[in-house]
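Participant:
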Amino acid sequence: MRSKDIILSKQEEKLLGEVGLFSNTSYDVFGMFDNADIKFEPVTDEKGEKVEMSHGAYGLLLHNPDQRVRKDAFESMFNAYKNHINMLSANYAGNVKKDWFYAKVRGFASALDYAMYNEEVPSTCYKKLLEAVGEGTKALHKYIALRKRALGVKTLNMYDLHVPFVPEQDIALEYDDAVKLVKEALSVMGEEYSSVLAGAFDNGWVDAYEGKGKRSGAYAWGVFGVHPFVLLNYQPTVNGVFTIAHEMGHAMHSHYSNTTQPEQKAQYVIFVAEIASTVNEVLLLKHLLKTATGDFRNFLLSYYLDMFRTTLFRQTMFSEFEVLAHECVERGEPLTADHMSEMYYELNKKYYGRAVEHNDLIRYEWARIPHFYSSYYVYKYATGITTAISIANKILNQGSEYFEKYKQFLSAGGSMAPLDIIKLAGVDLESDEPYKTAMAEFTSTLEELEKSLGL
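Next comes the structure, spelled out in structure tokens:
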């Protein structure tokens with residue numbers, strides 16, 4: 026019913042349906058290249074042993090304490106994309122042109138407007154994110170400068186942004202103790218939430234440990250009419266404890282939506298899907314900070330800052346790149362390898378500032394982001410963490426009284442437009458307030474860590 030005004034004639038709709046036979050070719054081509062055909066040069070680690078490079082190995086190598094190893098991994102990764110940049114550029118340009126084609130034939134002024142229409146989210150929300158985070162990049166520049174001082178490097182490179190600059194801490198909790206800690210952290214939401222959460226752990230919602238044939242990682246799955254299922258591969262690390270809190274956020278969201286809404290309206294959309302999980306992570310972190318001291322406290326502060334950097338700032342930078350690329354096509358300009366790489370390079374400078382060396386190969390990073398083939402998707406990570414921080418602060422400040430509002434959000438499923446669902450929790454993403462709250466949180470955390478490290 027909502028789409029009635031953009032539906033075309035039967036013959037036109039039939040033709041558009043047939044276009045679907047090849048409209049996702051760019052996505053398929055990138056997937057084949059990125060998962061099967063791309064070849065990386067091996068990297069020699071700090072022990073002199075050869076490491077076969079892969080997407081998974083790259084993440085581990087960037088955490089290596091030896092800067093030379095990180096540099097070699099970085100160059101292996103991005104030279105592989107640089108060597109195929111013309112093909113990748115033509116492929117991505119085809120995807121952008123496809124987006125503009127569908128937007129035009131439906132009568133929209135831009136691909137962004139059409140994408141947001143399909144999300145039931147106004148384009149103003151996307152633009153507000155870019156504007157607010159763009160204004161907050163000065164704080165990110167200060168964080169990058171702190172990272173440089175803390176690492177004690179003469180030159181901070183793009184491949185130095187992932188290695189810990191505060192010693193990693195091992196919480197070493199057995200699973201039952203980790204569950205107890207998560208329950209304590211989330212008890213601020215009151216008796217009802219705590220009771221359901223305890224029941225989840227007691228009544229078979231969670232499969233905690235690794236098993237033969239079990240998928241790696243962690244994930245939650247909600248099935249209407251049945252309790253949610255949470256599958257972990259728990260390890261006694263800080264990340265393992267945060268993963269419990271995260272996945273139980275998904276599970277509780279599914280529980281409340283499935284028990285409140287009819288089946289047709291119970292499933293929540295991606296726009297709101299990561300909010301409850303991130304709320305739980307923030308509450309756990311702040312619970313730990315109540316008593317944490319010394320190196321462990323510094324580690325938690327750095328953990329929180331990195332969450333901001335990777336989820337709020339980096340995903341917003343990606344989102345801005347998507348807008349620039351689509352606007353080129355919409356103006357009738359060619360979307361070439363040089364043009365896209367230069368646009369991305371300038372964005373990298375804008376977001377990360379002068380304290381870091383903008384290594385030339387970083388200009389090709391855009392070519393390895395698979396989410397760009399699902400256009401205007403990554404912004405949801407940034408709006409998700411922004412919303413979650415506001416909600417977590419409200420819970421901590423107002424306790425169980427505010428939880429009744431948050432419960433409305435958890436219970437809404439997909440029964441309303443996404444921004445209206447978030448407003449149930451008292452957060453308006455079209456206003457400045459949630460972004461100011463997030464930026465203030467980032468800044469205060471940064472200032473505390475700077476003072477603690479004496480840097």
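Counted the way the working numbering counts, the sequence shown spans residues 26 to 480. Yeah, the Cβ is synthetic: ideal placement off N, Cα and C, and Gly gets one too.
#1: If we count the other Cβ atoms within 10 Å of its Cβ and call it buried at 16 or more, is residue 391 buried or exposed?
#2: Pull up the distance between the alpha-carbon of residue 64 and that of residue 98, whole angstroms please.
#3: Pick out whichever of 463, 386, 143, 325 has its Cα sitting closest to the Cα of residue 264.
#4: I'd like to confirm the pairing. Which residues does DSSP put opposite residue 254 in its beta bridges?
#5: Need the endpoints of the alpha helix (DSSP H) that residue 58 sits in, please.
#6: Pop quiz: residue 408 and residue 454 are said to be a contact at Cβ under 8 Å. What is the actual Cβ separation, rounded to whole angstroms?
#7: Out of 155, 134, 397, 188, point me to the one whose CA is closest to residue 92's CA.
#8: Below 8 Å on the Cβ atoms is my guess for residue 220 versus residue 253; work out the distance and round it to an integer in Å.
#9: Mind pulling the alpha helix (DSSP H) runs of 4 or more residues that sit fully within the stretch 325-406?
#10: In chain order, what are the residue ranges of uninterrupted alpha helix (DSSP H) at least 4 long that sit wholly in the stretch 68-122?
#11: Using alpha carbons as the reference points, say which of 389, 430, 415 lies closest to residue 102.
#12: Quick check: the Cα distance between residue 107 and residue 86, rounded to an integer number of angstroms?
#13: Kindly indicate the opening and closing residues of the alpha helix (DSSP H) around residue 172.
#14: Would you kindly check if the distance between the Cβ of residue 397 and the Cβ of residue 347 is under 8 Å?
#15: Just tell me which of 277, 75, 480, 341 has its CA closest to the CA of residue 323.
#16: Mapping DSSP to helix, strand and coil, what is residue 188?
#17: Between the alpha carbons of residue 415 and residue 459, how many angstroms are there, rounded?
#18: Counting only the same chain and skipping the five closest in sequence on each side, list residues whose C-beta sits under 8 Å from that of residue 37.
#19: Taking 7 Å as the limit between beta carbons, can you name the residues of its chain near residue 321, skipping five residues before and five after?
#20: Does the beta carbon of residue 438 fall short of 7 Å from some heavy atom of the ligand NAP?
#21: Here's the rule I'm using: 16 or more other beta-carbon atoms within 10 Å means buried, otherwise exposed. How should residue 199 be labelled?
#22: Taking 7 Å as the limit between beta carbons, can you name the residues of its chain near residue 168, skipping five residues before and five after?
#23: Quick one: is residue 437 buried, meaning 16 or more other Cβ sit within 10 Å of its Cβ, or exposed?
#24: Which residues mark the beginning and the end of the alpha helix (DSSP H) in which residue 260 is found?
#25: According to DSSP, residue 182 sits in a beta bridge with which residue or residues?
#26: Which stretch, first to last residue, makes up the alpha helix (DSSP H) that contains residue 449?
#27: Please classify residue 57: is it buried, with 16 or more other beta-carbons within 10 angstroms of its beta-carbon, or exposed?
#28: Buried or exposed for residue 535, please, with buried defined as at least 16 other CB atoms from any protein chain shown within 10 angstroms of its CB.
#29: With three or more C-beta pairs closer than 8 Å as the rule, is the stretch 223-234 touching the stretch 256-276?
#30: Please classify residue 406: is it buried, with 16 or more other beta-carbons within 10 angstroms of its beta-carbon, or exposed?
#31: Among 423, 104, 318, which has the Cα closest to the Cα of residue 474?
#32: Specify, as a first and last residue, the run of the alpha helix (DSSP H) that residue 474 falls within.
#33: In whole angstroms, what is the alpha-carbon distance linking residue 443 and residue 54?
#34: Is residue 297 helix, strand or coil when you go by DSSP?
#35: Applying the 10 Å Cβ sphere with the 16-neighbour rule, what's the burial state of residue 42?
#36: Judging by CA-CA distance, which residue of 400, 358, 413, 95 is the nearest neighbour of residue 67?
Facilitator: Taking the geometry as given:
#1: Taking all protein chains shown into account, residue 391 has 16 or more neighbouring C-beta atoms within 10 Å of its C-beta and is therefore buried.
#2: Rounded to the nearest whole angstrom, the C-alpha separation of residue 64 and residue 98 is 13 Å.
#3: For the residues 463, 386, 143, 325, the minimum Cα distance to residue 264 belongs to 325.
#4: DSSP lists 246 as the beta-bridge partner residues of residue 254.
#5: Run containing residue 58: none; DSSP gives neither H nor E here.
#6: Right, their Cβ atoms sit about 6 Å apart.
#7: When each option's Cα is compared against that of residue 92, the closest is 188.
#8: The Cβ separation is near 16 Å, so there is no contact.
#9: As far as the stretch 325-406 is concerned, its whole alpha helix (DSSP H) runs of at least 4 residues are 339-355, 362-377.
#10: Within the stretch 68-122, the complete alpha helix (DSSP H) runs of at least 4 residues are 80-86, 92-107.
#11: Answer by Cα proximity: 389.
#12: Rounded to whole angstroms, residue 107 to residue 86 spans 20 Å at the Cα level.
#13: Its alpha helix (DSSP H) spans residues 162-176.
#14: Contact flag set, yes.
#15: Cα-wise, what sits closest to residue 323 is 480.
#16: Reduced to three states, the DSSP call for residue 188 is coil.
#17: Cα atoms of residue 415 and residue 459: separation of roughly 6 Å, rounded to the nearest angstrom.
#18: Within the same chain, Cβ atoms closer than 8 Å to the Cβ of residue 37 are found at 130, the five residues on either side in sequence being excluded.
#19: Within the same chain, residue 321 has close Cβ partners 194.
#20: Although the ligand NAP was asked about, the structure shown includes no ligands whatsoever.
#21: The residue is exposed, with fewer than 16 neighbouring Cβ atoms inside 10 Å.
#22: Non-local beta-carbon contacts of residue 168 in its own chain, meaning distances under 7 Å to residues more than five positions away in sequence, involve 330, 334, 471 in chain order.
#23: Taking all protein chains in view, the Cβ of residue 437 is crowded by 16 or more other Cβ atoms within 10 Å, so the residue is classified as buried.
#24: That residue, residue 260, is in no alpha helix (DSSP H); it is neither H nor E in DSSP.
#25: Assignment of beta-bridge partners to residue 182 by DSSP yields 382.
#26: Looking at the DSSP string, residue 449 is not in any alpha helix (DSSP H), and its letter there is neither H nor E.
#27: Classification of residue 57: exposed, given that the 10 Å Cβ count is below 16.
#28: Residue 535 lies beyond the range of the chain shown here (26 to 480); nothing can be said about it.
#29: Cβ pair count under 8 Å is three or more, so yes.
#30: Residue 406 is buried by the Cβ-count criterion.
#31: Each of 423, 104, 318 was checked against the Cα of residue 474, and the nearest Cα belongs to 318.
#32: Its alpha helix (DSSP H) spans residues 458-478.
#33: Distance from the CA atom of residue 443 to the CA atom of residue 54, rounded to whole angstroms, is 32 Å.
#34: Here residue 297 carries a helix assignment [DSSP, helix/strand/coil].
#35: With a threshold of 16 other beta carbon atoms within 10 Å, residue 42 falls short and is exposed.
#36: Put simply, of 400, 358, 413, 95 the residue whose alpha carbon is nearest the alpha carbon of residue 67 is 95.
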